[in-house]
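>
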Amino acid sequence: NKEVAFYLTSIIRQALKNTEYKVQLSSTVLPDIKIKLPIDSRGTPDWNYMERYRDR
């Protein structure tokens with residue numbers, strides 16, 4: 001949904017801020033980028049949190 005997409009886009013942009021401009025994103029660079037997501041009590045991505053995050 002749109003809220004989760006917005007959350008993920010924001011997180012990805014934040015992760016890419018640390019990437020040097022001269023480093024072109026590619027299949028060799030992307031696997032090294034760490035994206036931290038909120039998790040629920042089962043250890044899976046907390047989609048509900050991400051959906052509600054924008055409402056704060």
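Quick note: the sequence shown uses UniProt numbering, first residue 1, plus one each step.
Glycine is no exception: its CB is placed at the ideal position from the N, C-alpha and C atoms.
(1) Which partner residues does residue 68 have in the DSSP bridge list?
(2) What are the boundary residues of the alpha helix (DSSP H) that includes Asn48?
(3) I need the boundaries of the alpha helix (DSSP H) containing Lys2, first residue and last residue.
(4) Quick one, are the C-beta atoms of Pro45 and Leu37 less than 8 angstroms apart?
On the basis of the supplied data:
(1) Beyond the ends of the chain as shown, which are 1 and 56, falls residue 68; an answer cannot be given.
(2) It spans 47 to 53 - the alpha helix (DSSP H) in which Asn48 sits, taken as one unbroken run.
(3) Start and end: 2 to 16.
(4) In this structure, Leu37 lies closer than 8 angstroms to Pro45 by Cβ.
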